[in-house]
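This report concerns only the one structure given below.
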Amino acid sequence: MTHTDQLRGIRTKPRREVLISGASIAGPALAFWLNRHGFAVTVVEKAGTLRDGGYPIDVRGTALEVVRRMGILPRLRDAHIDLRRLTFLDGDGSEVASVNPHTVTGGVAGQDLEVRRGDLTNALHTAVRDDVEFLFNDSIDTLDQSGHGVDVTFRGGSRRTFDMVFGADGLHSRTREFLFGPEEQFHRYLGYCFAGFTMRNTFGLSHELMMWNTPGRAAALYAVGDNDDVHAFLNFAHPEPPFDAFRSPDAQRDLVAAVFADAGWEVPGMLAAMHDADDLFFDGVSQIRMPRWSSGRVALVGDAAYAPSFLTGQGSSLALVGAYMLADSLAERDHAAGFAAYDRRTREFVTVNQEQVGEGDATLFPTTSRALEQRNDMLRNLSAMPSAEGRPAHSALTLPA
Ligand SMILES: Cc1cc2nc3c(=O)[nH]c(=O)nc-3n(C[C@H](O)[C@H](O)[C@H](O)COP(=O)(O)OP(=O)(O)OC[C@H]3O[C@@H](n4cnc5c(N)ncnc54)[C@H](O)[C@@H]3O)c2cc1C
């Protein structure tokens, strides 16, 4: 039987209709694979369009095989940022060490990808947009599982019934809240907050990242190419989540400005740019850890279910692998058996990647002078080392055929 015959065979079965909330990484990847398995897929996204550009994200290990099977690996290779240097600076702006990025991230030179988040989202969307219904500028208002499917009302006013619904709506997932209640139960705050925004590249930086540190504070400038803009990050230790700041951009700017008030290097200029930035993104650094990822006919995928935090650099890879495993688990099973298989076959990979925090990444942001000294010694030694071989956690799952 040819592949086309197989597809035709699958397509003659009644198509199960499903809804995915969120069109970033997990959502379109899940849409792609569910469509391949014969599902009729609708994706609802609260934003008006796909968001392009954006900060750099990594695709590594098992996730590379997911994008290869989707046929988008060549396109992503073209979009690869090719970061060439990480330079660490002391409080007075003097250089501590300049290292090959892979020695710090555990990436593999020539294999792993680093692309802008928008480039990945665009590639995923392009791969699936002709086969899947996308509803932008809308979102789920209510979910009711009391009947034989999931009755959904949309913010835009329409009502529809689906066989299953998936939450791919990120760290602060509303789908998760519908199913399981408040985020606090699953939120593991890692003790830092960060602000990210773009600013003019007046520094002459190209394909490189510069990071300034004092205990508990880091300021980074990340030039993804030779463009006119750089990504700026201000990361700082904050023992308790600043709940007031989460609700107000003005409070966020005030908090960041107060924390970095006496900072040197380029930080004063960064604070001025933050003040005027129209793309400021502020959040706590946290993970989502849940004992179950589904309830009834609704399941979660990506950051909504198991955000690992940017300290692991594995959020996008978990979203891609999780989407693949969820769709594969449902291909020949009903929702209950499929969701159980998804959990059984994916959880260990998720856990081992979430536990990467502390193995080199969180140590990039030491909170005491002594820990900062130790980190700097480690970086000076790293600068003499060749590129790493990759962390086992990144490839700790072999995809089913
Ligand atoms: C500053 C920063 C740096 C990062 N660096 C890295 C890195 O180096 N490497 C890495 O792998 N990962 C990194 N990450 C994490 C990575 O971005 C996420 O893990 C990844 O985007 C998760 O994808 P997702 O599709 O699950 O969720 P998201 O990308 O969060 O997407 C959720 C989508 O759902 C939509 N949505 C939200 N609510 C609703 C709703 N109610 N209805 C409909 N739609 C909704 C949103 O608009 C969005 O499109 C970083 C994250 C940040 C913030």
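Position one of the sequence shown corresponds to residue 212 (our numbering), numbered consecutively onward.
Just so you know, even glycine gets a beta-carbon here, dropped at the ideal spot from N, CA and C.
query	result
Alpha-carbon to alpha-carbon, Leu382 and Glu394	9 Å
Cβ contact check for the stretch 540-557 and the stretch 503-519: 3 or more pairs under 8 Å	yes
For Gly571, the three-state DSSP class (helix, strand or coil)	Confidence in Gly571 is poor, its pLDDT being 45 and thus under 50, which makes the residue's placement unreliable; the coordinate value appears in the next sentence. Gly571: coil per DSSP, three-state reduction.
Local Cβ density within 10 Å of Gln322, reported as buried at 16 or more and exposed below that	exposed
C-alpha gap between Asp355 and Asp362, whole angstroms	5 Å
Residue from Asp374, Gly392, Pro426 and Arg296 whose Cα sits closest to the Cα of Thr509	It is worth fixing the name first, because residue 509 is Val in this sequence and not Thr. Checking every option, the nearest Cα to that of Val509 belongs to Asp374.
Distance, Arg227 Cα to Leu284 Cα	29 Å
Bounding residues of the alpha helix (DSSP H) (the contiguous stretch that carries Thr332)	Arg328 to Val339
Outcome for Ser357 when other beta-carbon atoms lying within 10 angstroms are tallied against a minimum of 16	exposed
Residue(s) in a DSSP beta bridge with Thr253	Leu230 and Glu344
Gly233 to Phe250 span [Cα, whole Å]	17 Å
Any non-hydrogen atom of ligand 1 closer than 7 Å to Gly407 Cβ	yes
Any non-hydrogen atom of ligand 1 within 7 Å of Leu382 CB	yes
Close-in-space but distant-in-sequence residues of the same chain around Glu344 (CB under 6 Å, 5 per side omitted)	Thr253
Beta-carbon proximity check, Gly513 vs Ala538, cutoff 8 Å	no
Integer-rounded CB distance, given that Ala434 should sit under 8 Å from Met481	The Cβ separation is near 14 Å, so there is no contact.
Spatial distance of Asp216 from Leu335 (CA atoms)	Confidence at Asp216 is low in this model, with a pLDDT of 49, below 50, so the placement of that residue should be treated as unreliable; the coordinate-derived value is given next. Those two C-alpha atoms are separated by around 25 Å.
Alpha-carbon spacing of Ala320 relative to Gly367, whole angstroms	46 Å
As assigned by DSSP and simplified to three states, the class of Phe521	coil
Cα-Cα separation between Phe444 and Gly360, rounded to whole angstroms	44 Å
Top-ranked residue by Cα proximity to Gly329, from Phe492, Glu477 and Leu261	Leu261
Glu419 versus Glu559: straight-line alpha-carbon distance, rounded	33 Å
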